[in-house]
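Take a look at the structure below.
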Amino acid sequence: MNEERSRGRAWFERFASGGVRVEGLPASVLAADAPLEGLPVRWIAVVPAPQARFPRARAGEMGIDEAFGVAAAVRGAPAGSAIVALVDVPGQAFGIREEAIGLQRALAASADAYVRARRSGHPVAALIVGKAISGAFLAHGMQAGWIGALDDPGIDVHVMSESAVARVTRMQRDDLARIASEVPATARDIASFARLGAIDALFEVADPQAPAEEEYAVVARALSAALRDGSGVRPPIDRLGRAAAIQTRALARRVRADLAAGWDG
Amino acid sequence: MTPHIGDSYAERNARERAQALLDPGTFREVLGPFARLRSPYLAAQGVAAQSDDGVVVARGTLGGERACVLATDGRFLGGAIGEIGGAKIAASLELARRDAERGTPTRVVLAFDSGGIRLQEANLGLLAIAEICDAVVALRAHQPVVAVIAGRVGVYGGMSIVTALCNEVIVTEGARIGLNGPDVVETEAGADEFDASNRPLVWKATGGRRRFAQGHATALVADDMPDIRAAVEEAFARNRSFVAIAHPDFPDPALEREAFLRAYGVTP
Chain A
4 MNEERSRGRA
14 WFERFASGGV
24 RVEGLPASVL
34 AADAPLEGLP
44 VRWIAVVPAP
54 QARFPRARAG
64 EMGIDEAFGV
74 AAAVRGAPAG
84 SAIVALVDVP
94 GQAFGIREEA
104 IGLQRALAAS
114 ADAYVRARRS
124 GHPVAALIVG
134 KAISGAFLAH
144 GMQAGWIGAL
154 DDPGIDVHVM
164 SESAVARVTR
174 MQRDDLARIA
184 SEVPATARDI
194 ASFARLGAID
204 ALFEVADPQA
214 PAEEEYAVVA
224 RALSAALRDG
234 SGVRPPIDRL
244 GRAAAIQTRA
254 LARRVRADLA
264 AGWDG
Chain B
7 MTPHIGDSYA
17 ERNARERAQA
27 LLDPGTFREV
37 LGPFARLRSP
47 YLAAQGVAAQ
57 SDDGVVVARG
67 TLGGERACVL
77 ATDGRFLGGA
87 IGEIGGAKIA
97 ASLELARRDA
107 ERGTPTRVVL
117 AFDSGGIRLQ
127 EANLGLLAIA
137 EICDAVVALR
147 AHQPVVAVIA
157 GRVGVYGGMS
167 IVTALCNEVI
177 VTEGARIGLN
187 GPDVVETEAG
197 ADEFDASNRP
207 LVWKATGGRR
217 RFAQGHATAL
227 VADDMPDIRA
237 AVEEAFARNR
247 SFVAIAHPDF
257 PDPALEREAF
267 LRAYGVTP
């Protein structure tokens, strides 16, 4: 992937090129403070960096430095600032250095930073512009109170990369596609993820790497509204109550109700 | 560190572990197997479901205090989290927070043994893990959240992230904590990167002893029920605040793989 043309970088530059860059982060983590319609916003994106220290984290993956970098950027958000995660992460870094150091701690650090920022009143939104895979998405995006996404075939939301799923399950792509059509939770497209009640807005953009001015304006207006109307501070559990989740997450809703009823015996 | 033969935690199943962690005679399961909450997604994919979906929610007391043990069954699909099991954990953490806010706190022990998110329910598990992460952080504002990682699977994927958010993590030497299982790393990056069949290396790099030495676990105990129970009681008695996860020191990642591991004290 060309570093200059990653979707995360393209959208970061669109929103934050005129802003004040946050210093001291690895080259793979972009963060800047730039207002959105007058509202102070800290924009954060993870991008490919061929010069990254870890050999297994140079193609945009969330590795040790990326996750701790995102955590630092979130923790350092100015008081009164909203936070927007621009999500284009192909997954976490797969390597023995990462496992020996403890990559789970790094991802927990950024997830923790997002939760604490949101719970202390920073509105947090995420905009999925590319891939949103597994631990990387958990650490960068999923803790947002509001999640928007491009309505684009290049979006990929899953717990594992497509090639890894095929290897682990020893299934052909045709079989995986059939299962995905029967069990939408296993599908990778953004429409299926939206059917689970997890997406607050979908945006049509002809070229996801270079949105037209009017397309960009629609996204910016929606983000701006979400960061001002309280959507950004909602906890993830609220997604269970969204209209789209009523049917698709009926079991989770039932578990929640039944558990509350039986909790005290 | 001498194991008392016959009182192993790892040899118990999830329900027995929860029972053994709680004060004797106080175990009460909420939404147990007779609730018949089976994953419909597994059957649709030709996989046998289990009527507790692999997660035990056990109420009772611990050291005389109201408690809840959330135990995952590593013998059922590797303890991986789907919609039902994930909802059980998230909802229990929420109820414990409600209890804390009402002044009637419930101690929570996460007795995890889990490969992470269940592939057959993929994004439903992912959504549940995000809720669980949020709920642990929210509960932590009131009381310590204690994890016991002492099963045969260990914790991986989203469940290792949840574990890292806990105030206290009790491990045994046999436990493993990692983000990506060695087989997954081998699949993604090749056996030159991580040879999953090299079991000694797996434990040297990600085992309980290593995680304790790194400060990722707060107690290293024998696989012995009385020792584990004592560690849990001590963890609650310490009432330690969560220590923010800091960017650790490590050798230069540009070092060749073996040199890196040696420099980091992991003899390949």
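From first to last, the protein sequence lines are chains A and B.
Just so we're on the same page, the working numbering is the position in the first sequence counted from 1, plus 3.
Just so we're on the same page, the working numbering is the position in the second sequence counted from 1, plus 6.
Quick reminder that beta carbons are idealized off the backbone N, C-alpha and C, glycines included.
- In summary, N173 of chain B is buried, with 16 or more beta-carbon neighbours lying within 10 Å of its beta-carbon over all protein chains present.
- DSSP places E174 of chain B in the strand class (E or B) of the three-state scheme.
- As computed with DSSP, Q95 of chain A is found in a beta bridge with A:M65.
- Judged by DSSP in its simplified three-state form, S166 of chain B adopts helix.
- Taking 8 Å as the CB threshold, G148 of chain A stays off the interface with chain B.
- Beta-carbon to beta-carbon, V36 of chain B and L262 of chain A are separated by about 6 Å, close enough to satisfy the 8 Å threshold.
- Between the C-alpha atoms of V208 of chain A and A229 of chain A there is a straight-line separation of about 19 Å.
- Short of 8 Å from the beta carbon of E107 of chain B, and not among the five residues preceding or following it, lie these beta carbons of its own chain, in chain order: H148.
- R108 of chain A sits close to A170 of chain B, with the two beta carbons spaced by under 8 Å.
- A check of alpha carbon separations from S14 of chain B across B:D230, B:R268, B:R113 and B:E264 identifies B:D230 as the nearest.
- In the DSSP assignment, F206 of chain A falls outside any alpha helix (DSSP H) and lies within the beta strand (DSSP E) extending over A204 to F206.
- The Cβ atoms of I167 of chain B and T224 of chain B do not sit closer than 8 Å to each other.
- Using a CB distance below 9 Å, the part of the region 124-138 of chain A facing chain B consists of S137 and G138, ordered along the chain.
- Annotation: the continuous beta strand (DSSP E) that includes L130 of chain A extends over V127 to I136.
- In this structure the region 31-38 of chain A touches the region 49-61 of chain A; the number of beta carbon pairs closer than 8 Å is three or more.
- In this structure, A93 of chain B lies near V258 of chain A, with their beta-carbon atoms less than 8 Å apart.
- Among the bridge pairs identified by DSSP, R24 of chain A is matched with A:A35.
- Within the region 182-197 of chain B, I183, G184, L185, N186, P188, V190, V191, T193, E194 and A195 place their CB atoms closer than 8 Å to a CB of chain A, listed in sequence order.
- Between E185 of chain A and S45 of chain B, the alpha-carbon positions lie close to 14 Å from each other.
- Neighbours of I182 of chain A in chain B, taken as residues at a C-beta separation under 7 Å, are given in chain order as Q51.
- Exclusion of the five residues before and after F196 of chain A leaves V160 and I202 as the residues of its chain whose Cβ lies within less than 7 Å of its Cβ.
- Within a 10 Å sphere around the beta-carbon of V171 of chain A sit fewer than 16 other beta-carbons, which makes this residue exposed.
- At least 8 Å separates the beta-carbon of V115 of chain B from that of L145 of chain B.
- Taking 8 Å as the threshold, the shortest C-beta distance from R245 of chain A to chain B does not fall below it.
- Looking only at A:A37, A:G98, A:I193 and A:V44, the smallest Cα-Cα distance to E199 of chain B is reached by A:G98.
- The alpha helix (DSSP H) runs of length 4 or more contained entirely in the region 204-240 of chain B are, from start to end of the chain, 205-212 and 214-220.
- Contact of W266 of chain A with chain B is assigned, a C-beta pair being separated by under 8 Å.
- Residues of the region 178-208 of chain A whose Cβ lies closer than 7 Å to any Cβ of chain B, in chain order: I182, E185, V186, A188, T189, F196, L199 and A201.
- Here S123 of chain A is exposed, its C-beta having fewer than 16 other C-beta atoms within 10 Å.
- In this structure A52 of chain A is buried. Its beta-carbon is surrounded by 16 or more other beta-carbon atoms within 10 angstroms.
- Any Cβ of chain B closer than 8 Å to the Cβ of I249 of chain A would place that residue at the interface, and such an atom is absent.
- Within the region 178-235 of chain A, the alpha helix (DSSP H) runs of at least 4 residues that lie entirely inside it are, in chain order, 193-198 and 216-231.
- Contacts with chain B at 8 Å (Cβ-Cβ) include V160 of chain A.
- In chain order, P239 and I240 make up the part of chain A whose C-beta sits under 7 Å from the C-beta of E137 of chain B.
- DSSP places V50 of chain A in the coil class of the three-state scheme, outside both helix and strand.
- Taking 8 Å as the threshold, the shortest C-beta distance from E101 of chain A to chain B falls below it.
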